[in-house]
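Trainee:
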Ligand code: GLN
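Numbering (my numbering), first residue to last: -19 to 515.
1) When you compare the CB positions of residue 422 and residue 365, do they come within less than 9 Å of one another, or not?
2) Where residue 336 and residue 280 are concerned, what is the direct C-alpha to C-alpha distance, given to the nearest angstrom?
3) What's the C-alpha gap between residue 54 and residue 41?
4) Examine the ligand ADP and report whether any of its heavy atoms sits within less than 8 Å of the Cβ of residue 387.
5) Any idea if residue 187 is buried or exposed, counting beta-carbon neighbours within 10 angstroms, 16 or more meaning buried?
6) Using only the alpha-carbon positions, how far apart do residue 106 and residue 126 sit?
7) Can you tell me where the beta strand (DSSP E) with residue 437 in it begins and where it stops?
8) Under 8 Å from any heavy atom of the ligand GLN, does the C-beta of residue 47 make it?
9) Below 8 Å on the Cβ atoms is my contact criterion, and I expect residue 274 with residue 301 to pass it. Report the Cβ-Cβ distance as a whole number of Å.
10) Measure the C-alpha to C-alpha separation of residue -19 and residue 247 and round it to an integer number of angstroms.
11) Under 8 Å: does the beta carbon of residue 337 sit that close to some heavy atom of the ligand GLN?
12) What do you get for residue 503, buried or exposed, if any count of 16 or more other CB atoms within 10 angstroms of its CB means buried?
13) Comparing C-alpha positions only, which one of 131, 130, 110 and 128 sits nearest to residue 121?
14) Candidates 331, 320 and 454: which alpha carbon is nearest residue 306's?
15) Check residue 298 in the structure and name its three-state DSSP category.
16) If you draw a straight line from the C-alpha of residue 135 to the C-alpha of residue -12, how long is it?
17) Confirm, please, whether the CB-CB distance from residue 43 to residue 442 is below 9 Å.
18) Give a single yes or no on whether residue 363 has its beta carbon closer than 8 Å to a heavy atom of the ligand GLN.
19) When you compare only the Cα positions, how much space is there between residue 262 and residue -15?
20) Is the closest heavy atom of the ligand GLN to the C-beta of residue 36 under 8 Å?
21) Please list the terminal residues of the continuous alpha helix (DSSP H) segment that includes residue 102.
22) For residue 413, verify whether its CB is less than 8 Å away from any heavy atom of the ligand GLN.
23) Would you kindly work out how many angstroms separate the C-alpha atoms of residue 482 and residue 352, rounded to a whole number?
24) State the start and end residues of the unbroken beta strand (DSSP E) segment that holds residue 85.
25) Flag this pair as touching only if the stretch 429 to 436 and the stretch 490 to 510 have three or more C-beta atom pairs under 8 Å; answer yes or no.
26) Residue range of the beta strand (DSSP E) that residue 418 falls in?
27) Look at the alpha carbon of residue 12 and the alpha carbon of residue 255, and state the distance between them as a whole number of angstroms.
28) Taking C-alpha atoms, which residue in 312, 153 and 338 lies nearest to residue 243?
29) Just to confirm the assignment, what range does the beta strand (DSSP E) spanning residue -13 have?
30) What residue does the beta strand (DSSP E) around residue 239 start on, and which one ends it?
31) Exposed or buried, which one is residue 15 when buried takes at least 16 other CB atoms within 10 Å?
32) Under 9 Å, do residue 473 and residue 485 count as touching if we go by C-beta distance?
33) Mind checking whether the beta-carbon of residue 445 lies closer than 8 Å to any heavy atom of the ligand GLN?
34) What is the DSSP secondary structure of residue 515, reduced to helix, strand or coil?
35) Is the stretch 392 to 405 touching the stretch 22 to 41, taking contact as three or more C-beta pairs under 8 Å?
36) Please confirm whether any heavy atom of the ligand GLN lies closer than 8 Å to the CB of residue 367.
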């Protein structure tokens, strides 16, 4: 529609209040009332994308269908909306400056002095409006990363100010803040909210709606006070109380009528019928499990659970599907040794070896793959987790001493995992991996994977440089680790399986990126199903 509406979500007081979840939840409600919605994230850092960032800094790097390496919030957007996002849905300051500077070098500014206002803000506004201009979306929700008052976010807030002026009632701002509870006096405090709204006002932006994160219900008198001090309508003061699962937030926002307030302010019709049936069903199953499993997630960034966000969420989706409570045991790969393996792994019903880069923690991952293989424990190896399973099999079943990935040991006598041909000679790190969705054909109809997917052609997202080395394919197949999925164009091996094992699957791609509330990923669902049977 030509009249796309824009909703900006800003944050105040502190980071980590859950702007991404709020944006996703609101978008879900608007979608459920019949509107087409997409969500965009503007990140104020100078990296061009988070692809080169250490997960300890930034959590998981999420990959879209079109191969963009993006902020993990895009994962939430897809999991909630069940719609793919793209490169245009994540913009960083680095990318904005990169375009402005390359236009300057190209002479596009005709000798003018290039400045933050208007050149940087124009580029920001262009990136915001790109999504609306496609004619696909009624509403674009744009989440501004960081907290109001940060130096880095100033150009974004300024762009929001300009857009509100340009678009009038077709744009609005939702500001998320914190109302802390002081146990000593037993009070909820609104002053931080007032201050943070003041900061926004100083930048010329009057928020239309305030969402207050709180640990206790906020009563009418506090809402009235906030409305008065912050210059918003009473029904535009909304509380967001802590809930046990992020998937309950849309329902909480529905109770607060956030979606209705938003639609009215944007001059859009409020469709009385709201279709949240499948969402409710998912939540009911999630909250009433009949089974339980413990899954070991083995990786080297375990201290920061956000580094494995999509895997953790895919397990929640698969758990709900199986009426099964999934407990994740976060196991640091560097802590695994031959003499503590039994102690650390014997309580697990299933093992996932996570994606990763570099050799730190490799030995522990290889030990975990071996333990799963030898003890018939369901195993899902994702990307590096698949490569680890291949290396382990080469060393301990094929007896190829010193077999390795050339990423870990470039001089290995048996490079069972090797650099892809077109990767050789690439020296830049940013955006140069095999990225995004590729077709994979399942070639073994009897495989667990084929049964799980129940189809022969699938599309999955990639993020890697190294690959199963085809020279060893026959040797692996003969010894019982079978390539069951390949890329139809290149014949690259994408999935391996051990048919004699209960459920042992290694995938070169990242199934976790495609798991959503309404479409739990079949491989995770089948992995959990087979893990719980064991109990
Ligand atoms: N480091 C491996 C590669 O580049 C695996 C990457 C990953 O697990 N995402 O091939």
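Yeah, the Cβ is synthetic: ideal placement off N, Cα and C, and Gly gets one too.
Mentor: Let's see:
1) Counted from its first residue, the chain shown places residue 422 at position 442. Counted from its first residue, the chain shown places residue 365 at position 385. No, the Cβ-Cβ distance between residue 422 and residue 365 is not below 9 Å.
2) Sequence index remark: in the chain shown, residue 336 carries index 356 (1-based). Sequence index remark: in the chain shown, residue 280 carries index 300 (1-based). Going from the Cα of residue 336 to the Cα of residue 280 covers about 8 Å.
3) The residue given as residue 54 occupies position 74 in the chain shown. The residue given as residue 41 occupies position 61 in the chain shown. The alpha-carbon atoms of residue 54 and residue 41 are separated by roughly 10 Å.
4) Among the ligands modelled here, namely the ligand GLN, the ligand ADP does not occur.
5) Residue mapping note: residue 187 aligns to position 207 of the chain shown, counting from 1. With 16 or more other Cβ atoms within 10 Å, it is buried.
6) Reading the chain shown from its first residue, position 126 is the one you call residue 106. Reading the chain shown from its first residue, position 146 is the one you call residue 126. Cα-Cα distance, rounded: 20 Å.
7) Taking the chain shown and counting its residues from 1, one reaches residue 437 at position 457. Segment 437 to 444, the beta strand (DSSP E) holding residue 437.
8) On the chain shown, position 67 is the one that residue 47 refers to. Outside the cutoff, so no.
9) Within the chain shown, the letter at position 294 stands for residue 274. Within the chain shown, the letter at position 321 stands for residue 301. Contact doesn't hold; Cβ gap of about 18 Å is too wide.
10) The residue given as residue -19 occupies position 1 in the chain shown. The residue given as residue 247 occupies position 267 in the chain shown. In this prediction, residue -19 has a pLDDT of 46, which is less than 50 and means its spatial position is unreliable; what the coordinates show is noted afterwards. Each residue's Cα considered, the two are about 14 Å apart.
11) As a working mapping, residue 337 is identified with position 357 in the chain shown. Checking the Cβ of residue 337 against the ligand GLN gives yes.
12) For the purposes of this step, residue 503 is taken as residue 523 along the chain shown, with counting starting at 1. Buried, by the Cβ-count rule.
13) Numbered from 1 along the chain shown, position 141 holds the residue referred to as residue 121. Nearest option by C-alpha distance: 110.
14) For the purposes of this step, residue 306 is identified with residue 326 of the chain shown, where counting begins at 1. The option with the nearest alpha carbon to residue 306 is 331.
15) In the chain shown, residue 298 corresponds to position 318, counting from 1. The answer is helix: DSSP assigns residue 298 an H, G or I state.
16) Translated into positions along the chain shown, residue 135 becomes position 155. Translated into positions along the chain shown, residue -12 becomes position 8. Rounded to the nearest angstrom, the two C-alpha atoms are 14 Å apart.
17) One-based indexing of the chain shown puts residue 442 at position 462. One-based indexing of the chain shown puts residue 43 at position 63. Result yes, Cβ atoms of residue 442 and residue 43 sit closer than 9 Å.
18) Residue mapping note: residue 363 aligns to position 383 of the chain shown, counting from 1. Yes, the ligand GLN has a heavy atom inside 8 Å of this Cβ.
19) The residue given as residue 262 occupies position 282 in the chain shown. The residue given as residue -15 occupies position 5 in the chain shown. Distance between the alpha carbons of residue 262 and residue -15: 30 Å.
20) What you label residue 36 is simply residue 56 of the chain shown in a count that begins at 1. No, the ligand GLN has no heavy atom inside 8 Å of this Cβ.
21) Along the chain shown, read from residue 1 onward, the residue named residue 102 stands at position 122. Start and end: 101 to 113.
22) By one-based count along the chain shown, residue 413 stands at place 433. For the ligand GLN, at least one heavy atom lies less than 8 Å from the Cβ of residue 413.
23) Numbered from 1 along the chain shown, position 502 holds the residue referred to as residue 482. Numbered from 1 along the chain shown, position 372 holds the residue referred to as residue 352. Cα to Cα, residue 482 sits roughly 10 Å from residue 352.
24) Taking the first residue of the chain shown as position 1, residue 85 is located at position 105. Note, residue 85: premise wrong, no beta strand (DSSP E); alpha helix (DSSP H) at 73 to 85.
25) yes
26) The count along the chain shown starts at 1 and reaches residue 418 at position 438. Where residue 418 is concerned, the enclosing beta strand (DSSP E) stretches over 414 to 422.
27) Locating residue 12 in the chain shown gives position 32, counting from the first residue. Locating residue 255 in the chain shown gives position 275, counting from the first residue. Spanning the two alpha carbons is a distance of roughly 5 Å.
28) Numbered from 1 along the chain shown, position 263 holds the residue referred to as residue 243. Looking at the Cα atoms, 153 is the closest of the given residues.
29) What you label residue -13 is simply residue 7 of the chain shown in a count that begins at 1. First-last of the beta strand (DSSP E) with residue -13: -15 to -9.
30) Along the chain shown, read from residue 1 onward, the residue named residue 239 stands at position 259. That residue, residue 239, is in no beta strand (DSSP E); its alpha helix (DSSP H) goes 238 to 245.
31) Counting from 1 along the chain shown, the entry for residue 15 is found at position 35. Burial call: buried.
32) Within the chain shown, numbered from 1, the residue matching residue 473 stands at position 493. Within the chain shown, numbered from 1, the residue matching residue 485 stands at position 505. Going by C-beta atoms, residue 473 is not nearer than 9 Å to residue 485.
33) Within the chain shown, residue 445 is the residue found at index 465, counting from 1. Yes, Cβ of residue 445 sits closer than 8 Å to a heavy atom of the ligand GLN.
34) Position 535 of the chain shown, counted from the first residue, corresponds to residue 515. Confidence in residue 515 is poor, its pLDDT being 44 and thus under 50, which makes the residue's placement unreliable; the coordinate value appears in the next sentence. In this structure, residue 515 counts as coil in the three-state DSSP scheme.
35) no
36) As a first step, residue 367 is located in the chain shown; it is residue number 387 there, counting from the start. For the ligand GLN, at least one heavy atom lies less than 8 Å from the Cβ of residue 367.
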